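According to the numbering used here, the sequence shown holds residues -13 to 226 in order.
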Amino acid sequence: DCYDQLKFKALKNFILKNKNNIKMVFVSDWMKDIFCKNIFVLDKTDVKYSIIHNSLNNNFIERNFVNDMVEPVADFVTLRSLDLSKYAIDMVVNLAIANPNYSFHIYGKGNYFSHNERPENVTVFNYHILQDDICDLLSKYRCALMPTRCDAQGVMACEIATYGMPMVTTDISVNRDMFSSFENVKLLTETEFKNPINIELLSENISISKNEKFSKANTLNKEIALILSTLSIEEKETFK
């Protein structure tokens, strides 16, 4: 904590000293708020900043869950590191325990289940899925479970939501920011992960039309425009 305070002070001094040459970018309002809490309140200075979400893998933008669906191999799927607390595998397990009538598949590496009991309706695949193969995998399930305790944006969850698949994640501030416009995303409090859930109601909210929140126009193109705005005419030509 003491070291963090030193870093925060150094960062604050550097930004304010060079504020006329700095444009800051945050991937979410949550990240900007955390910055303001620890460094300084941006609105009280004339430091320029933007909120630009991280861009997504193109597969999730071009493809659609409705068109890709095949016969499901299980009800719920989770793609997560198994051992980091922020990725909340314990919440997935709690939901499985509370819903023994549903099947749960978990993909990811880690030792969580070497130390914790695995419910009978949970199957663990202890390996990572290549990003280009994720859409094909997701199409074999009815709903995605992507809980988190803390995230700056949660890119994979944003990709699954944009893909149009029903998804359950945690009701925290960053997720309310990211998914408020997605009808196919259900937010649950940590306590609600211990309750029964109705997958039929979740399946009713499959997204047929694309939500453009994380489109290239709203992410990558904004980043490029920001870079170009800082360049000279000669540098712009080189950049292009």
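Glycine is no exception: its CB is placed at the ideal position from the N, C-alpha and C atoms. The model shown is predicted, which means the values in this text are computed figures rather than measured ones.
1) Residue range of the alpha helix (DSSP H) that D163 falls in?
2) In the DSSP assignment, the beta strand (DSSP E) including I92 goes from what residue to what residue?
3) Assign V56 to buried or exposed, taking buried as 16 or more other Cβ atoms, counted over all protein chains shown, within 10 Å of its Cβ.
4) Find the nearest neighbour of T148 within the set I38, N50, W16 and K18, judged by alpha-carbon distance.
5) According to the neighbour-count rule (16 or more other Cβ atoms, all chains shown, within 10 Å of its Cβ), is P86 buried or exposed?
6) Just how far apart, CA to CA, sit P182 and A84?
7) Could you tell me the alpha carbon to alpha carbon distance between E176 and K72, rounded to whole angstroms?
8) So V154 packs on L131, CB below 8 Å; how close in whole Å?
9) What residue range does the beta strand (DSSP E) around M153 cover?
10) Helix, strand or coil: how does DSSP classify L(-3) here?
11) Using CA atoms only, rank isn't needed, just tell me which of Q(-9), N24 and D32 is closest to N7.
12) Apart from the five residues on each side of it in sequence, which residues of its chain come closer than 7 Å, Cβ to Cβ, to K126?
13) Mind checking whether Y93 and Y113 have CB atoms under 9 Å apart?
14) Rounded to the nearest angstrom, what separates V13 and K208 at their Cα positions?
15) In three-state terms, what does DSSP make of T109?
16) Any contact between the stretch 96 to 109 and the stretch 26 to 45? By contact I mean 3 or more CB pairs, one from each, below 8 Å.
17) How many Å lie between N97 and E103 at the Cα?
18) Quick one: complete alpha helix (DSSP H) runs, 4+ long, within the stretch 156 to 223?
19) What residue from C144, L174, H91 and K(-5) has the CA that sits closest to I25's CA?
20) Which of helix, strand or coil does DSSP assign to S125?
21) The beta strand (DSSP E) that contains T64, what's its start and end?
22) On the three-state DSSP scale, how would you describe F21?
23) Would DSSP call I37 helix, strand or coil?
If we stick to the structure as given:
1) As a working mapping, residue 163 is identified with position 177 in the sequence shown. Taken as a continuous stretch (DSSP letters only), the alpha helix (DSSP H) holding D163 covers S159 to F165.
2) Position 106 of the sequence shown, counted from the first residue, corresponds to residue 92. Segment F90 to Y93, the beta strand (DSSP E) holding I92.
3) Along the sequence shown, one-based indexing puts residue 56 at 70. So V56 ends up on the exposed side.
4) Here residue 148 is taken as the residue at index 162 of the sequence shown, counted from 1. Checked all of I38, N50, W16 and K18; the closest Cα to T148 is N50.
5) Along the sequence shown, one-based indexing puts residue 86 at 100. Exposed, by the Cβ-count rule.
6) For the purposes of this step, residue 182 is taken as residue 196 along the sequence shown, with counting starting at 1. For the purposes of this step, residue 84 is taken as residue 98 along the sequence shown, with counting starting at 1. When rounded, the distance between both Cα atoms is 5 Å.
7) For the purposes of this step, residue 176 is taken as the residue at position 190 of the sequence shown. For the purposes of this step, residue 72 is taken as the residue at position 86 of the sequence shown. In a straight line, the C-alpha of E176 is about 12 Å away from that of K72.
8) Working through the sequence shown from its first residue, we reach residue 154 at position 168. Working through the sequence shown from its first residue, we reach residue 131 at position 145. Going by Cβ atoms, the distance from V154 to L131 rounds to 5 Å, so yes, they are a contact pair.
9) Walking along the sequence shown from the start, residue 153 turns up at place 167. That run of the beta strand (DSSP E) goes M153 to T156.
10) For the purposes of this step, residue -3 is identified with residue 11 of the sequence shown, where counting begins at 1. If DSSP states are grouped into helix, strand and coil, L(-3) belongs with the helices.
11) By one-based count along the sequence shown, residue 7 stands at place 21. Among Q(-9), N24 and D32, the Cα nearest to that of N7 is on D32.
12) Walking along the sequence shown from the start, residue 126 turns up at place 140. Counting only Cβ-Cβ distances below 7 Å, and skipping sequence neighbours, we find V56, P58 and V59.
13) Locating residue 93 in the sequence shown gives position 107, counting from the first residue. Locating residue 113 in the sequence shown gives position 127, counting from the first residue. One thing to note: Y93 has its Cβ within 9 Å of the Cβ of Y113.
14) Residue numbering aside, residue 13 sits at position 27 when the sequence shown is read from its first letter. Residue numbering aside, residue 208 sits at position 222 when the sequence shown is read from its first letter. Between V13 and K208, the C-alpha separation is close to 12 Å.
15) For the purposes of this step, residue 109 is identified with residue 123 of the sequence shown, where counting begins at 1. Note: T109 maps to strand in three-state DSSP.
16) Cβ pair count under 8 Å is below three, so no.
17) Here residue 97 is taken as the residue at index 111 of the sequence shown, counted from 1. Here residue 103 is taken as the residue at index 117 of the sequence shown, counted from 1. Roughly 11 Å between the two C-alpha positions.
18) 159 to 165, 185 to 189 and 206 to 215
19) For the purposes of this step, residue 25 is taken as the residue at position 39 of the sequence shown. Its Cα nearest to that of I25, the residue K(-5) stands out among C144, L174, H91 and K(-5).
20) To locate residue 125, count along the sequence shown from 1; it is residue 139. Coil at S125, not helix or strand.
21) Taking the sequence shown and counting its residues from 1, the one referred to as residue 64 is at position 78. Run containing T64: A60 to L65, per the beta strand (DSSP E) assignment.
22) Translated into positions along the sequence shown, residue 21 becomes position 35. F21: helix per DSSP, three-state reduction.
23) Locating residue 37 in the sequence shown gives position 51, counting from the first residue. The answer is strand: DSSP assigns I37 an E or B state.
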